[in-house]
Amino acid sequence: MSIDPEAFIGRTLVSVSSAWHEFEGQRGAVPVHIWLSVDGLGTLQLHTLNGLVISTDSPYEPYEMVEHGRVLVEPSGPAVLLERVGERIEAVSRLTQSPPGMTVGLLLAFRAGSVGLADLGDELIVAAWPAEEWRRWNVSVRRQV
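Residue numbering for the sequence shown follows this note's numbering, starting at 2 and increasing by one per position.
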């Protein structure tokens, strides 16, 4: 991760945008990229690359992939994140997956609930914490940062 996860603590989630792959009118089940606008940090892009990568990049323009569909970018995102817009991030923890025993993402704790964001099998997974999905993927909280 290129952004120190501790930088999220005490800051407010201002907005969420997402990029989605669409092929033959069907949207992919998970976002390609997510952008979180966090007060004091600006716009942060979350994407997959052998673990969750967080960088300071703004949303890009939608684009066509010829015979492979297109990528749409919109000011929206997974409901579990949209529900937290306007809330303060109380704590941040790292998420690990076993096997392979590596850090795969972050757990953002808000007063009203926690949201996990992780790179699992090169897919950007966003889900409430705790949830059955995380147990199925053998993901656990490593430690608070």
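Every residue gets a Cβ at the ideal spot worked out from N, C-alpha and C, and that includes glycine.
Could you give the first and the last residue of the continuous beta strand (DSSP E) run that contains Glu23? Glu23 -> beta strand (DSSP E) spans 14-24.
Please list the terminal residues of the continuous alpha helix (DSSP H) segment that includes Trp135. Where Trp135 is concerned, the enclosing alpha helix (DSSP H) stretches over 133-137.
Less than 7 angstroms between C-beta atoms, sequence neighbours within five positions excluded: which residues of the same chain meet that for Met2? Because the pLDDT at Met2 is just 46, under 50, the model does not fix this residue reliably, and the point stays unresolved.
Given a cut-off of 8 angstroms on the beta-carbon distance, is the pair Ile126 and Ala132 in contact? Not closer than 8 angstroms, so no.
How long is the line joining the alpha carbons of Ala110 and Trp130, rounded to whole angstroms? Each residue's alpha carbon lies about 9 angstroms from the other.
So, using beta-carbon positions, are Val31 and Leu83 closer together than 8 angstroms? With contacts defined as CB atoms closer than 8 angstroms, Val31 and Leu83 fail to qualify as a contacting pair.
Would you kindly work out how many angstroms separate the C-alpha atoms of Phe24 and Ser99, rounded to a whole number? Cα to Cα, the separation comes out at about 32 angstroms.
DSSP state of Val142, grouped into three classes? Three-state DSSP puts Val142 in a strand.
I'd like to confirm the pairing. Which residues does DSSP put opposite Asp120 in its beta bridges? DSSP output for Asp120 lists Leu125 as bridge partner(s).
Could you give the distance in angstroms between the alpha-carbon of Glu124 and the alpha-carbon of Pro6? About 20 angstroms.
Would you give the residue range spanned by the alpha helix (DSSP H) that Ala80 belongs to? First-last of the alpha helix (DSSP H) with Ala80: 80-83.
What span of residues does the beta strand (DSSP E) with Thr97 cover, start to end? Start and end: 90-98.
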